[in-house]
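Student:
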Amino acid sequence: MIKPAKYSLYTTDGERIITIDPITKTLPGGTLQATGVFRLKDGKVNLGEIVFDDNMRQWEYTALGDLTHEQASEIATYIQDKTRQELEDQQID
-15 MIKPAKYSLY
-5 TTDGERIITI
5 DPITKTLPGG
15 TLQATGVFRL
25 KDGKVNLGEI
35 VFDDNMRQWE
45 YTALGDLTHE
55 QASEIATYIQ
65 DKTRQELEDQ
75 QID
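Here the numbering used here is used: the first residue of the sequence shown is -15, the next is one more, and so on.
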């Protein structure tokens, strides 16, 4: 996943719109490369980062915010699915 995305997280307190901001690096030629690090924000509040291994299978949440492990897991799964879809779309083009 190389573009920021919004994720609707439904909690007992209502819907929270979480912004997922992928940290990328620019390769020679201007190509963006994913780093496996994703910053999370709720409005202007920093919620920490989800950091994946090289295979995008294992992850950890650097808990600066108030997300539970289950909520972080839900967001991590969304990131994995979105990244998988982006890779499949690139292979079609």
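Glycine is no exception: its CB is placed at the ideal position from the N, C-alpha and C atoms.
Between the C-alpha atoms of Tyr(-6) and Arg0, what's the straight-line distance to the nearest angstrom?
Tutor: Their backbone Cα atoms lie some 6 Å apart in a straight line.
Student: Have a look at the DSSP bridge pairing and note the partners of Pro6.
Tutor: Phe22.
Student: Let me know the secondary structure DSSP gives Gln42 once reduced to three states.
Tutor: Gln42: coil per DSSP, three-state reduction.
Student: Beta-carbon within less than 6 Å of Gln42's beta-carbon, same chain only, minus the 5 sequence neighbours each way: which residues are those?
Tutor: No residues qualify anywhere along the chain.
Student: Secondary structure at Leu11, three-state DSSP: helix, strand or coil?
Tutor: In the structure shown, Leu11 sits in coil (DSSP, three-state: anything other than H, G, I, E or B).
Student: Have a look at the DSSP bridge pairing and note the partners of Leu16.
Tutor: For Leu16, which the question treats as bridged, DSSP gives the partners Thr10.
Student: In angstroms with no decimal places, state the Cα-to-Cα distance between Ser(-8) and Gly14.
Tutor: Cα to Cα, the separation comes out at about 31 Å.
Student: Here's a check: name, in chain order, each residue in its chain whose Cβ is nearer than 6 Å to the Cβ of Leu11, leaving out the five neighbours to either side.
Tutor: Excluding residues within five positions, the ones whose Cβ falls inside 6 Å are Gln17.
Student: Helix or strand or just coil, what does DSSP make of Gly28?
Tutor: The question names Gly, but residue 28 in the sequence shown is Lys. DSSP places Lys28 in coil when its eight states are reduced to three.
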